[in-house]
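J.:
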Amino acid sequence: MFRSRALLVAAAAGVIAAVAGLPTVAQAAPAPIDPWVQSTGTAGVMTVDSGGNVYIVNLGDMKIDKYGPDGDRLARYDLDPASLPRDIGADGLGNVYVADDGLGTIARISPTAGLEKKWLPVPTGSPSAIDVRADGTIYIASFGSKNVYRLNPAGALDLFMVAHAPVGDVGSSPSGDVLTANDDGTISKIAADGTFTDVLVTLTRGADLTDIEVRKDGSFVVYNDTYTTISESSPSGSTIRSTVWPKKIFDITLDSAGDIYFVDTDSRVLRTMPHAGGDSPLPVVKFASKGTAQSLVMSDRQILYTSWGSDPTISAVPLLPEMSSPAISASIPEGGTFTSSVTSSGGLDPTSFAAVDLPSWLTLDPIRGTLSGTATVAGTYRFQLVAMNKVGESDPQPAEIIVTPAVVPTPSPNPTSGGTTGAGGSGSGSAGNPAAGGGSGSAATGRGALASTGHDGAVALAGALTAGGIALAGVAGMVLTWRRREVRAND
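The sequence shown: position 161 = 161 (the numbering used here), numbered continuously.
(1) Pull up the CB-CB distance for alanine 99 and serine 145, whole angstroms please, since I reckon it's below 8 Å.
(2) When you compare each of Val356, Ile64, Glu393 to tyrosine 97 by their alpha carbons, which one comes out closest?
(3) So, for valine 377: in the same chain, excluding its five sequence neighbours on each side, which residues have a beta-carbon less than 8 Å away from its beta-carbon?
(4) Which one of Asp198, Pro81, Thr186 has the shortest CA to CA distance from threonine 210?
(5) Just grab the DSSP bridge partners of threonine 380 for me.
(6) Applying the 10 Å Cβ sphere with the 16-neighbour rule, what's the burial state of isoleucine 212?
(7) Using DSSP bridges, identify the partner residues of valine 214.
(8) Could you check what DSSP says for tyrosine 305 in three-state terms: helix, strand or coil?
(9) If you measure between the beta carbons of threonine 380 and glutamate 393, is that distance less than 8 Å?
(10) Beta-carbon within less than 8 Å of valine 201's beta-carbon, same chain only, minus the 5 sequence neighbours each way: which residues are those?
(11) Looking at the strands, I want to know which residues DSSP matches up with serine 128.
(12) Taking the alpha-carbon positions, what's the isoleucine 230 to phenylalanine 196 distance?
(13) Taking one C-beta from the segment 42–52 and one from the segment 299–308 each time, how about it: are there three or more such pairs within less than 8 Å?
(14) Helix, strand or coil for isoleucine 140 per DSSP?
(15) Would you mind stating whether alanine 43 and glutamine 397 have Cβ atoms separated by less than 8 Å?
(16) Who are the near neighbours of alanine 82 in its chain, counting only those whose CB is closer than 7 Å to its CB and skipping five residues on each side?
(17) Check the DSSP bridge columns for valine 356 and list the partner residues they point to.
(18) How about threonine 228 and valine 263: are their beta carbons less than 8 Å apart?
(19) For aspartate 169, which of helix, strand or coil comes out of DSSP?
(20) Once you ignore the five residues that flank phenylalanine 338 on each side, which residues in its own chain have a CB closer than 8 Å to its CB?
(21) Tell me whether the beta-carbon of threonine 243 lies closer than 8 Å to the beta-carbon of aspartate 259.
(22) So, helix, strand or coil for phenylalanine 287, using DSSP?
(23) Label glutamine 27 either buried or exposed according to how many other C-beta atoms from any shown protein chain fall within 10 Å of its C-beta, with 16 as the threshold for buried.
(24) Please return the same chain residues whose Cβ sits closer than 6 Å to the Cβ of proline 85, not counting the five positions on each side in sequence.
(25) Starting from alanine 149, follow the beta strand (DSSP E) in both directions and report where the run begins and ends.
(26) Excluding the 5 residues preceding and the 5 following lysine 248 in the sequence, name in chain order all residues of the same chain whose CB lies nearer than 8 Å to its CB.
(27) Report the rounded CA-to-CA distance for tyrosine 261 versus arginine 205, giving the unit in angstroms.
(28) My assumption, with CB atoms under 8 Å, is that serine 310 sits in contact with glycine 291. Please give the rounded CB distance.
(29) What does DSSP give as the partner residues of serine 242 in its beta bridges?
(30) May I ask which residues mark the beginning and end of the beta strand (DSSP E) holding valine 408?
(31) What is the rounded straight-line gap between the Cα of valine 199 and the Cα of methionine 161?
(32) Taking just the CA atoms, how far does isoleucine 367 sit from asparagine 182?
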């Protein structure tokens, strides 16, 4: 059956720590939300659209329930009493399609028209499986007729492939290869270039193949319902491995890394098989929900949803980690050292850390999650932190560090130096020229040494005053003598 290929930030105060030996981040493990929603009737097949909305066929009530990413039921659509929904899928345009074997049509739920129960009649009247691509192309398998139809985005329906045996499921790769799992144990393929290979590989002759999942690299995984076997093959059809599980498996799905998931019907344990890893199915989580896991689907955000038959619940297992440490918001001075650590929770092991737009003066240890560095330039630095594992990365957590300019200290006055310097005059003189003086120096506020003598300024000033007095007395004497001579001459 088709499986679509398709939680920010905690507001908190900044964390700045000058701590030696920051703690090692513990390895995370998926934390199931079980139940994610409680339904009614009998839960059937599911799909997830590109917006994270989950659509589930409710066989007991003959309805399709739509749940938002937070688990709230957003809508209910009534199916026809004669409906027999076999498969469901979503494109990237917001449309959901249902293969209705009871009415012999493809029903559609569109964002504008709602549920159109007889949207597309299928020529042979027995749609059993569909593969819906993001662009709206739909491949329709008609069980019993060996036919596979293609509906292109423009609405034109054509007969795309006629396999040599009834088709149990159909799938396609991102590159455009289309493969069918047939009920005689064979795989048929039409490559992206149009080359048709009716029997690409025979997995188990005469076996009923009920589920095929195609990876991004063109390799594929098939469930053999007759022998309860999961087979993994290369794009060319060569077998990579084949694993027998002792009980029937109702559904399989893949994550973005190509790992396989299914639920053990006895223990209700979710198990995984790494992509070409050669490992036996490994336990992931145990579900509390009762009943039998009917359908598994993986969202674009790598949340695995499981529906539980007669116990009408849906469980959710987020495979991506989440940032669990408070968002960083800090202020440090220029030249200061910043140290902090980030942590994550949930998701698959192992988890590492990365940053977007990390300042050049900061370093992030991807394993321990430690941030450290010395701020060299003032400014506001904004960046984002994410936790990662093999299937993707968490929602980004924003961080902000404000580096304030360094404060330049104001110098204190020096009592032995002046604040203003002036140059004194220079010259030569003699006793016969009392108007001429001699000396050189500098004027300053405070007490400063004269450049010409090195004497203290106050002493120099006293000397200057004394010399000035002597000079004035000499001038007065000369004037008096001259006047006396002038009087005598007049006598």
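The C-beta atom is built at its ideal place from N, Cα and C for all residues, glycine as well. Because the structure is a prediction, the values reported are computed rather than measured.
T.: Taking the definition as stated:
(1) In the sequence shown, residue 99 corresponds to position 99, counting from 1. In the sequence shown, residue 145 corresponds to position 145, counting from 1. Not really, about 13 Å apart at Cβ, beyond 8 Å.
(2) Counting from 1 along the sequence shown, the entry for residue 97 is found at position 97. Of the candidates Val356, Ile64, Glu393, the one whose C-alpha sits nearest the C-alpha of tyrosine 97 is Ile64.
(3) To locate residue 377, count along the sequence shown from 1; it is residue 377. Excluding the 5 residues flanking it on each side, valine 377 has same chain C-beta neighbours closer than 8 Å at Glu334, Trp361, Val403, in chain order.
(4) As a position in the sequence shown, residue 210 is number 210, starting the count at 1. When only C-alpha atoms are compared, the closest one is Thr186.
(5) Position 380 of the sequence shown, counting from 1, holds the residue named residue 380. The partner list for threonine 380 (beta bridge, DSSP) reads Ile402.
(6) Taking the sequence shown and counting its residues from 1, the one referred to as residue 212 is at position 212. Here isoleucine 212 is buried, its C-beta having at least 16 other C-beta atoms within 10 Å.
(7) Within the sequence shown, residue 214 is the residue found at index 214, counting from 1. The partner list for valine 214 (beta bridge, DSSP) reads Phe220.
(8) Reading the sequence shown from its first residue, position 305 is the one you call residue 305. Residue state, collapsed to three classes: strand.
(9) On the sequence shown, position 380 is the one that residue 380 refers to. On the sequence shown, position 393 is the one that residue 393 refers to. Taking 8 Å as the cut-off, the Cβ atoms of threonine 380 and glutamate 393 do not count as close.
(10) Translated into positions along the sequence shown, residue 201 becomes position 201. Taking valine 201 as the centre and dropping the five residues before and after it, the same chain places the C-beta of Thr186, Ile187, Ser233, Gly237, Ser238, Thr239 closer than 8 Å to its C-beta, in chain order.
(11) Locating residue 128 in the sequence shown gives position 128, counting from the first residue. Under DSSP, no beta-bridge partner is assigned to serine 128.
(12) The residue you call residue 230 lines up with position 230 of the sequence shown. The residue you call residue 196 lines up with position 196 of the sequence shown. Near 24 Å, if we compare the C-alpha coordinates of phenylalanine 196 and isoleucine 230.
(13) Touching, yes, given that three or more Cβ pairs across the two stretches are closer than 8 Å.
(14) Here residue 140 refers to the residue found at position 140 of the sequence shown. Three-state result, isoleucine 140: strand.
(15) Residue numbering aside, residue 43 sits at position 43 when the sequence shown is read from its first letter. Residue numbering aside, residue 397 sits at position 397 when the sequence shown is read from its first letter. Contact flag unset, no.
(16) Taking the sequence shown and counting its residues from 1, the one referred to as residue 82 is at position 82. Result list for alanine 82: Gly102, Leu103, in chain order.
(17) As a position in the sequence shown, residue 356 is number 356, starting the count at 1. Answer is Gln384.
(18) Numbered from 1 along the sequence shown, position 228 holds the residue referred to as residue 228. Numbered from 1 along the sequence shown, position 263 holds the residue referred to as residue 263. No, these two residues do not count as a Cβ contact at 8 Å.
(19) Taking the sequence shown and counting its residues from 1, one reaches residue 169 at position 169. Under the three-state reduction of DSSP, aspartate 169 is assigned to strand.
(20) Position 338 of the sequence shown, counting from 1, holds the residue named residue 338. Excluding sequence neighbours, phenylalanine 338 sits near Ile16, Ala330, Ile332, Leu362, Leu371, Ser372, Gly373, Thr374, Ala375, Ile401.
(21) Translated into positions along the sequence shown, residue 243 becomes position 243. Translated into positions along the sequence shown, residue 259 becomes position 259. No. Outside cutoff.
(22) Mapped onto the sequence shown, residue 287 falls at position 287. In the structure shown, phenylalanine 287 falls within a coil segment according to DSSP collapsed to helix, strand and coil.
(23) Here residue 27 refers to the residue found at position 27 of the sequence shown. Reliability of the predicted coordinates at glutamine 27 is poor, the pLDDT of 40 falling under 50, and no value is obtained from them.
(24) For the purposes of this step, residue 85 is identified with residue 85 of the sequence shown, where counting begins at 1. Closer than 6 Å at the Cβ level, and outside the excluded window around proline 85, lie Val57, Val98, Asp100.
(25) Working through the sequence shown from its first residue, we reach residue 149 at position 149. Alanine is not the amino acid found at residue 149; the sequence shown has tyrosine there. Counting along the chain, tyrosine 149 sits inside the beta strand (DSSP E) bounded by residues 147–151.
(26) Here residue 248 corresponds to residue number 248 of the sequence shown, with the count starting at 1. Contacts found: Asp225, Thr228, Thr265.
(27) Position 261 of the sequence shown, counting from 1, holds the residue named residue 261. Position 205 of the sequence shown, counting from 1, holds the residue named residue 205. Note on geometry: alpha-carbon atoms of tyrosine 261 and arginine 205 lie some 25 Å from one another.
(28) What you label residue 310 is simply residue 310 of the sequence shown in a count that begins at 1. What you label residue 291 is simply residue 291 of the sequence shown in a count that begins at 1. That belief holds up - the Cβ atoms of serine 310 and glycine 291 are roughly 5 Å apart, short of 8 Å.
(29) Counting from 1 along the sequence shown, the entry for residue 242 is found at position 242. According to DSSP, which records beta bridges pairwise, serine 242 is partnered with Ser231.
(30) Indexing the sequence shown from 1 puts residue 408 at position 408. For valine 408, there is no enclosing beta strand (DSSP E), as DSSP marks it with neither H nor E.
(31) Translated into positions along the sequence shown, residue 199 becomes position 199. Translated into positions along the sequence shown, residue 161 becomes position 161. In this model, valine 199 and methionine 161 are separated by some 13 Å (Cα to Cα).
(32) Sequence index remark: in the sequence shown, residue 182 carries index 182 (1-based). Sequence index remark: in the sequence shown, residue 367 carries index 367 (1-based). Here the alpha carbon of asparagine 182 sits roughly 46 Å from the alpha carbon of isoleucine 367.
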